[in-house]
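Colleague: Once you've had a glance at the structure underneath, I'll fire off some questions.
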Amino acid sequence: MDGERIVLGSGYLYVTEFDSKTKKIPENTEIEKEENLLGLIQGGAEVAYKPSYYEAKDDMGKVSKTILTEEEATMKSGIMTWCGKTLERLCETARLEEDKQKKTRTVKIGGVGNATGKKYVIHFVHKDETDGDIRVTIVGNNQAGFSFAFAKDKETVIDAEFKAAPQDSEGTLILYEEEMAGAEEAGGTESMEGPSGQ
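Be aware that the sequence shown starts at 204, since it is given in my numbering, and climbs by one per residue.
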């Protein structure tokens, strides 16, 4: 039945630079490329939306009016496969240098004057052959910092938290897309084919 699904499993996290001039999110096929994969993730992804309200009411509690004043959206994920290039996309002050002769990659982090102001398209894809894929997209950057630990008995995972910024003139913070399983059989005209022709 349309509207009912059980969502199981994790997915893939893609990150690509957001063009602040055109303010246009690329097509899924442009985002979902190997070079845009931030890394394979552990612990899934979490999307959170938090509204803030202001309530005006009289002292006796007889009349009140509530308005929405602010909205906040975030996407969190643990990145298990990563390298210096990953750090560059997670830190606004990161500077990456590669020396092909020495075969080294160096990332310098820090210095407020090095902040780039870049925003990224953060795009999570949950694959589901039965019910159809789900895609969640925000525009923003990692504003929670990061940490990574090197332990003898555990893989090093970087936890990132991306804070969403408005991605269009309507103020959209989260773009949620789901494929509707069975839409073609029911007479739908749109193709449910995935970005890789799946």
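For each residue, glycine too, the CB sits at the ideal point set by N, CA and C.
1) Could you give the residue range of the alpha helix (DSSP H) that holds residue 301?
2) Would you check if the distance between the CB atom of residue 244 and the CB atom of residue 282 is smaller than 8 Å?
3) Relative to the C-alpha of residue 253, which residue among 261, 274, 348, 242 is closest?
4) Taking the alpha carbon of residue 378 as the point to measure from, which residue in 364, 358, 355, 324 has its own alpha carbon closest?
5) Would you tell me roughly how many angstroms separate the C-alpha atoms of residue 306 and residue 312, rounded to the nearest one?
6) Determine which residues share a DSSP beta bridge with residue 274 and list them.
7) Taking only three categories from DSSP, how would you classify residue 325?
8) Would a C-beta distance cut-off of 8 Å place residue 240 and residue 215 closer than the cut-off?
9) Measuring CB to CB, does residue 322 end up less than 8 Å from residue 345?
10) If the criterion is Cβ atoms closer than 8 Å, does the pair residue 318 and residue 310 meet it?
11) Within the same chain, show all residues whose beta-carbon is closer than 6 Å to that of residue 340, passing over the 5 residues directly before and after it, in chain order.
12) Whole angstroms is fine: what's the gap from residue 359's alpha carbon to residue 292's?
Modeller: From the atom records:
1) Within the sequence shown, numbered from 1, the residue matching residue 301 stands at position 98. Not the alpha helix (DSSP H): residue 301 falls in the beta strand (DSSP E), residues 298 to 302.
2) The count along the sequence shown starts at 1 and reaches residue 244 at position 41. The count along the sequence shown starts at 1 and reaches residue 282 at position 79. Cβ distance < 8 Å, so residue 244 and residue 282 count as in contact.
3) Within the sequence shown, residue 253 is the residue found at index 50, counting from 1. Closest by alpha carbon: 274.
4) Counted from its first residue, the sequence shown places residue 378 at position 175. The residue with the shortest Cα to Cα distance from residue 378 is 324.
5) For the purposes of this step, residue 306 is taken as the residue at position 103 of the sequence shown. For the purposes of this step, residue 312 is taken as the residue at position 109 of the sequence shown. In a straight line, the C-alpha of residue 306 is about 20 Å away from that of residue 312.
6) The count along the sequence shown starts at 1 and reaches residue 274 at position 71. Answer by DSSP bridge pairing, in chain order: 254.
7) Along the sequence shown, read from residue 1 onward, the residue named residue 325 stands at position 122. In the structure shown, residue 325 sits in a strand (DSSP, three-state: E or B).
8) By one-based count along the sequence shown, residue 240 stands at place 37. By one-based count along the sequence shown, residue 215 stands at place 12. Yes.
9) Position 119 of the sequence shown, counting from 1, holds the residue named residue 322. Position 142 of the sequence shown, counting from 1, holds the residue named residue 345. Their beta carbons are not under 8 Å apart, which means residue 322 does not touch residue 345 by this criterion.
10) One-based indexing of the sequence shown puts residue 318 at position 115. One-based indexing of the sequence shown puts residue 310 at position 107. Not closer than 8 Å, so no.
11) One-based indexing of the sequence shown puts residue 340 at position 137. If we look at residue 340 and ignore the five residues flanking it on each side, its Cβ neighbours are 326, 378.
12) One-based indexing of the sequence shown puts residue 359 at position 156. One-based indexing of the sequence shown puts residue 292 at position 89. The alpha-carbon atoms of residue 359 and residue 292 are separated by roughly 18 Å.
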